[in-house]
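Read top to bottom, the protein sequences are chains F and Z. Mapping of the first sequence onto this note's numbering: position 17 corresponds to residue 267, and the numbering continues sequentially without gaps. Mapping of the second sequence onto this note's numbering: position 40 corresponds to residue 290, and the numbering continues sequentially without gaps. We put the CB at the ideal spot given by N, CA and C, even for glycine.
2 protein chains.
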Amino acid sequence: MSAATKEKLLEGALRTLVEQGIAKASARTIAATAGVGQGLIFYHFGSVDELLAAACRFGAEQRVARYRERLAALNSLTELLEFARSMHEAERAAGNVAMLGQLLAAGQSSPVLAAATADGLGLWIQELESVLSRLLAATPLDGYADPAGLARATAASFIGIELYEGVDPQGAGSALDALEQLAGLAAGLEGLGSLSQRVVRRGLRRGAR
Amino acid sequence: MSAATKEKLLEGALRTLVEQGIAKASARTIAATAGVGQGLIFYHFGSVDELLAAACRFGAEQRVARYRERLAALNSLTELLEFARSMHEAERAAGNVAMLGQLLAAGQSSPVLAAATADGLGLWIQELESVLSRLLAATPLDGYADPAGLARATAASFIGIELYEGVDPQGAGSALDALEQLAGLAAGLEGLGSLSQRVVRRGLRRGAR
DNA sequence: GTCTATACATGGATAGAC
DNA sequence: GTCTATCCATGTATAGAC
Numbered sequence: 251m252s253a254a255t256k257e258k259l260l261e262g263a264l265r266t267l268v269e270q271g272i273a274k275a276s277a278r279t280i281a282a283t284a285g286v287g288q289g290l291i292f293y294h295f296g297s298v299d300e301l302l303a304a305a306c307r308f309g310a311e312q313r314v315a316r317y318r319e320r321l322a323a324l325n326s327l328t329e330l331l332e333f334a335r336s337m338h339e340a341e342r343a344a345g346n347v348a349m350l351g352q353l354l355a356a357g358q359s360s361p362v363l364a365a366a367t368a369d370g371l372g373l374w375i376q377e378l379e380s381v382l383s384r385l386l387a388a389t390p391l392d393g394y395a396d397p398a399g400l401a402r403a404t405a406a407s408f409i410g411i412e413l414y415e416g417v418d419p420q421g422a423g424s425a426l427d428a429l430e431q432l433a434g435l436a437a438g439l440e441g442l443g444s445l446s447q448r449v450v451r452r453g454l455r456r457g458a459r
Numbered sequence: 251m252s253a254a255t256k257e258k259l260l261e262g263a264l265r266t267l268v269e270q271g272i273a274k275a276s277a278r279t280i281a282a283t284a285g286v287g288q289g290l291i292f293y294h295f296g297s298v299d300e301l302l303a304a305a306c307r308f309g310a311e312q313r314v315a316r317y318r319e320r321l322a323a324l325n326s327l328t329e330l331l332e333f334a335r336s337m338h339e340a341e342r343a344a345g346n347v348a349m350l351g352q353l354l355a356a357g358q359s360s361p362v363l364a365a366a367t368a369d370g371l372g373l374w375i376q377e378l379e380s381v382l383s384r385l386l387a388a389t390p391l392d393g394y395a396d397p398a399g400l401a402r403a404t405a406a407s408f409i410g411i412e413l414y415e416g417v418d419p420q421g422a423g424s425a426l427d428a429l430e431q432l433a434g435l436a437a438g439l440e441g442l443g444s445l446s447q448r449v450v451r452r453g454l455r456r457g458a459r
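Below is the structure:
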């Protein structure tokens, strides 16, 4: 049956990307992982790139859906930071972040993969952006920080650090620690009194140019 | 002559990586770019991966050397920020950041490339770390922010954003803008009076856990 | 020691079988 | 409509020529 084969291929593509990387994600390897004939990729998806693109969108939607309601229920940057830590750890373990990194790199020279990766990343960014714009409003950063830009910077940075982890686990650990400290700084602003907040705002205006 | 061929191959590998990405960086393609026979890669470097590894170290050293003295001459975070902007723009245009991204992704499943990329990135990180630890000392972040971790986070984040730019130029632009605002915040702290600095320090201690 | 011609492996894609 | 057997391009690696 067609639908079953298509899904086997999507799962096979995801598993191959996560376990062996884009370099090994050939039609033959993916088909073997999926347990189907190699030619089926071209029948069902047209090309390897298009299968990978479909798998990217499929996988990202699957993963983001896991967190959507819980993100909407958060009430402070501190809570977000706490939640983000466990979320990142879970996605890292699932190999999802590294997979996006692989596709992102491949997307540099494949328009099909570029569009798919932008879409997949976009799902994460959308969630981040909406929770950030809701929560930043309660801090002195309101009106100063741009939630859309921050969401994109955060998503891209995590992917960069995750890729970095693959070549220097210890260095990546210290990078994540440093960012957590920085995020904790912003979260700490929530707890300041109104006088201190005013001082901070003045500092921000001066820092801006 | 041997040395000339080796250098042609190193340059050819760099050009291929920058212009066509890791996916096209095969022995045939690189050799064609370098204008030499394909088999020479294996004679001089043993394998394609080892050539790419050598090229990565070669290229990173070349690029970092350009900035070493100028970074050492900087005297404030504001100056650093200004300089970093032009430096990043120049490297971006040269394709160097994207190349590191390509190698970083490939390094996930190739120990040889992983080691080389870690080394290449390490050169940038080393420069960043030394200038950051020197300049952060003059701000309220002194003792709070970890220069080693920040340098690694910065380098990895820029690579992530650069890869992101390949699939969503506009989104990457807003991400960079947001980070510049954030960096400007830290730079602004330099100009605060001692009372305000004390308030900020108190906030930081509260934000830390 | 340096390089080229050639062998062998893997990958993408499709014509045609069911 | 679904799938398999087969073709051709591209890739790695080396035996042997110079």
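Item to check | Buried or exposed by the 16-neighbour rule on C-beta atoms within 10 Å, applied to R459/Z | outcome: On the second sequence, residue 459/Z is found 209 positions in, with the first residue counted as 1. Annotation note: pLDDT 45 at R459/Z (below 50); position unreliable, coordinate value reported separately. Residue environment for R459/Z: exposed (fewer than 16 other C-beta atoms within 10 angstroms of its C-beta).
Item to check | Exposed unless 16 or more other CB atoms sit within 10 angstroms - verdict on T266/Z | outcome: Looking up residue 266/Z in the second sequence gives position 16. When all chains shown are included, T266/Z counts as buried.
Item to check | Any chain F beta carbon closer than 8 Å to L297/Z | outcome: Counting from 1 along the second sequence, the entry for residue 297/Z is found at position 47. The question names Leu, but residue 297/Z in the sequence shown is Ser. The beta carbon of S297/Z does not come within 8 Å of any beta carbon belonging to chain F, so the residue lies off that interface.
Item to check | N325/Z (DSSP reduced to helix, strand or coil) | outcome: Here residue 325/Z is taken as the residue at index 75 of the second sequence, counted from 1. Of the three classes helix, strand and coil, the one that applies to N325/Z here is coil, per DSSP.
Item to check | Which of helix, strand or coil DSSP assigns to V268/Z | outcome: Within the second sequence, residue 268/Z is the residue found at index 18, counting from 1. Collapsing the DSSP output to three states places V268/Z in a helix.
Next on the checklist: Would G416/F and A422/Z be called neighbours here (beta carbons separated by less than 8 Å)?
Outcome noted: Position 166 of the first sequence, counted from the first residue, corresponds to residue 416/F. Position 172 of the second sequence, counted from the first residue, corresponds to residue 422/Z. By the CB criterion at 8 Å, G416/F and A422/Z fall outside the cutoff.
Checklist entry - Taking Cβ-Cβ distances shorter than 8 Å, what residues in chain F pair up with I409/Z? => result Position 159 of the second sequence, counting from 1, holds the residue named residue 409/Z. Within chain F, G410, L413 and Y414 have C-beta atoms less than 8 Å from the C-beta of I409/Z, given in sequence order.
Checklist entry - chain F beta carbons: is any one of them nearer than 8 Å to that of I272/Z? => result The sequence position of residue 272/Z within the second sequence is 22, counting from 1. It does: the Cβ of I272/Z has a partner Cβ on chain F nearer than 8 Å.
Next on the checklist: So, for A425/F: in the same chain, excluding its five sequence neighbours on each side, which residues have a beta-carbon less than 6 Å away from its beta-carbon?
Outcome noted: For the purposes of this step, residue 425/F is identified with residue 175 of the first sequence, where counting begins at 1. Within its own chain, the residues whose Cβ lies closer than 6 Å to the Cβ of A425/F, once the five positions on either side in sequence are excluded, are I411, listed in chain order.
Next on the checklist: With a threshold of 8 Å, are at least 3 pairs of Cβ atoms found where one atom belongs to the region 255-272 of chain Z and the other to the region 291-310 of chain Z?
Outcome noted: Touching, per the Cβ criterion.
Checklist entry - What does D392/Z reach in chain F if we use C-beta pairs closer than 9 Å? => result Here residue 392/Z refers to the residue found at position 142 when the second sequence is read from its first residue. Near D392/Z there are no residues of chain F at all, since even the closest Cβ is about 13 Å away, more than 9 Å.
Next on the checklist: Within 10 Å of its beta-carbon, does G393/Z have 16 or more other beta-carbons around it, so buried, or fewer, so exposed?
Outcome noted: Translated into positions along the second sequence, residue 393/Z becomes position 143. By the Cβ-count criterion, G393/Z is exposed, with fewer than 16 other Cβ atoms from all chains shown falling within 10 Å of its own Cβ.
Next on the checklist: Is A282/Z close to chain F? Criterion is C-beta to C-beta, closer than 8 Å.
Outcome noted: Here residue 282/Z corresponds to residue number 32 of the second sequence, with the count starting at 1. Using beta-carbon distances, A282/Z does not count as an interface residue toward chain F, since no partner is under 8 Å.
Item to check | V268/Z to H338/Z span [Cα, whole Å] | outcome: Within the second sequence, numbered from 1, the residue matching residue 268/Z stands at position 18. Within the second sequence, numbered from 1, the residue matching residue 338/Z stands at position 88. Approximately 16 Å between the Cα atoms of the pair.
Next on the checklist: Contact criterion: CB-CB distance below 8 Å. Does V268/Z meet it with respect to chain F?
Outcome noted: Taking the second sequence and counting its residues from 1, the one referred to as residue 268/Z is at position 18. Not one chain F Cβ lies under 8 Å of V268/Z.
Checklist entry - Are the CB atoms of L331/Z and A433/Z nearer to each other than 8 Å? => result In the second sequence, the residue the question calls residue 331/Z occupies position 81. In the second sequence, the residue the question calls residue 433/Z occupies position 183. The answer is yes: Cβ separation under 8 Å.
Next on the checklist: Counting only C-beta atoms, is V362/Z closer than 8 Å to chain F at any point?
Outcome noted: Reading the second sequence from its first residue, position 112 is the one you call residue 362/Z. Closer than 8 Å: no.
Next on the checklist: When you compare the CB positions of C306/F and T255/F, do they come within less than 8 Å of one another, or not?
Outcome noted: Within the first sequence, residue 306/F is the residue found at index 56, counting from 1. Within the first sequence, residue 255/F is the residue found at index 5, counting from 1. No, they are not a contact pair.
Next on the checklist: Tell me the rounded alpha-carbon separation between A405/Z and L378/Z.
Outcome noted: Within the second sequence, residue 405/Z is the residue found at index 155, counting from 1. Within the second sequence, residue 378/Z is the residue found at index 128, counting from 1. Distance between the alpha carbons of A405/Z and L378/Z: 8 Å.
Checklist entry - If we count the other Cβ atoms within 10 Å of its Cβ and call it buried at 16 or more, is N325/Z buried or exposed? => result Taking the second sequence and counting its residues from 1, one reaches residue 325/Z at position 75. With fewer than 16 other Cβ atoms inside 10 Å of its own Cβ, N325/Z counts as exposed.
Checklist entry - Roughly how many whole angstroms lie between the Cα atoms of A315/Z and Q376/Z? => result On the second sequence, position 65 is the one that residue 315/Z refers to. On the second sequence, position 126 is the one that residue 376/Z refers to. Cα-Cα distance, rounded: 12 Å.
Next on the checklist: Would you say R459/F lies against chain Z (beta-carbon separation less than 8 Å)?
Outcome noted: Within the first sequence, the letter at position 209 stands for residue 459/F. Caution is warranted here: a pLDDT of 45 is assigned to R459/F, below 50, making its placement in the model unreliable, and no coordinate value can be reported.
Item to check | Own chain partners of Q468/Z with C-beta closer than 7 Å, once the 5 adjacent residues on each side are dropped | outcome: No information on residue 468/Z is available, as it lies outside the stretch 251 to 459 that chain Z covers here.
Next on the checklist: Please list, in chain order, the chain Z residues whose beta carbon lies closer than 9 Å to that of A305/F.
Outcome noted: As a position in the first sequence, residue 305/F is number 55, starting the count at 1. Within 9 Å Cβ-Cβ: nothing; A305/F doesn't reach chain Z, min ~16 Å.
Next on the checklist: When you compare the region 382-392 of chain F with the region 334-354 of chain F, are there three or more beta-carbon pairs, one atom per stretch, that lie closer than 8 Å?
Outcome noted: Cβ pair count under 8 Å is below three, so no.
Checklist entry - Which chain F residues sit within Cβ distance under 7 Å of A403/Z? => result Against the second sequence, residue 403/Z aligns to sequence position 153. Within chain F, the residues near A403/Z are I411, A425, A428 and L429.
Next on the checklist: Between which two residues does the alpha helix (DSSP H) holding R316/Z run?
Outcome noted: What you label residue 316/Z is simply residue 66 of the second sequence in a count that begins at 1. Run containing R316/Z: none; DSSP gives neither H nor E here.
Checklist entry - Quick one: does S336/Z have its CB under 8 Å from some CB of chain F? => result Here residue 336/Z is taken as the residue at index 86 of the second sequence, counted from 1. No - not a single Cβ of chain F is within 8 Å of the one on S336/Z.
Item to check | Whole-angstrom distance between R318/F and P358/Z, CA atom to CA atom | outcome: Against the second sequence, residue 358/Z aligns to sequence position 108. Against the first sequence, residue 318/F aligns to sequence position 68. Correcting the residue type first, residue 358/Z is Gln in the shown sequence and not Pro. CA-to-CA, the gap between Q358/Z and R318/F works out to about 29 Å.
Item to check | Within chain Z, partners of A395/F - CB distance below 8 Å | outcome: Residue 395/F sits at position 145 when you count from the first residue of the first sequence. A428, Q431 and L432, listed in chain order.
Checklist entry - Under 8 Å between C-beta atoms, does A398/Z make it to chain F? => result Locating residue 398/Z in the second sequence gives position 148, counting from the first residue. Chain F contact via Cβ: present.
Checklist entry - When Cβ atoms are compared, which residues of the region 326-354 of chain F fall closer than 7 Å to chain Z? => result Residues of the region 326-354 of chain F whose Cβ lies closer than 7 Å to any Cβ of chain Z, in chain order: A348, G351, Q352 and L354.
Next on the checklist: Determine, for T367/F, whether the minimum Cβ-Cβ distance to residues of chain Z falls below 8 Å.
Outcome noted: Walking along the first sequence from the start, residue 367/F turns up at place 117. It does: the Cβ of T367/F has a partner Cβ on chain Z nearer than 8 Å.
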